[in-house]
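Residue numbers (UniProt numbering): 1 to 104.
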């Protein structure tokens with residue numbers, strides 16, 4: 001599985017698609033700026049809204065659900081990564097979060 005650290009994800013924010021696979025109540029506390037909220041159960045169906053020409057980085061609370069999501073996305077033909085340590089590590093590193101945006 002392709003893993004990126006939170007710092008590596010931060011450096012790729014403008015080139016990658018960030019998919020936050022946490023549940024709504026977890027996302028309400030804050031998410032990575034520009035991330036798209038797609039709960040893990042909806043990753044397969046939500047893949048059709050992603051661009052296969054751009055890498056996808058899956059994010060969750062600690063890294064387990066995002067690893068499962070990245071595997072699903074890779075199986076669907078995406079260049080997919082998981083963020084090691086999840087949002088716990090992102091926040092511990094002092095990286096920025098924002099309030100979630102309504103689905104488009």
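We put the beta carbon where it would ideally sit given N, CA and C, even for glycine.
Backbone CA spacing between residue 27 and residue 20 [nearest angstrom]: 8 Å
Please give the ranges of any beta strand (DSSP E) in the UniProt domain "Rhodanese" (12-99), keeping only runs that are unbroken, at least 3 residues long and fully inside the region. 17-20, 56-59, 80-83
contact_flag[the segment 48-68, the segment 79-93] where n(CB pairs < 8 Å) is 3 or more: yes
For residue 15, the nearest candidate out of 3, 72, 55 (CA to CA): 55
Determine the contact status of residue 96 and residue 31, defining contact as a CB-CB distance below 8 Å. The Cβ atoms of residue 96 and residue 31 lie no closer than 8 Å to each other.
Pick from 74, 5, 4, 29: whose alpha carbon is nearest that of residue 50? 74
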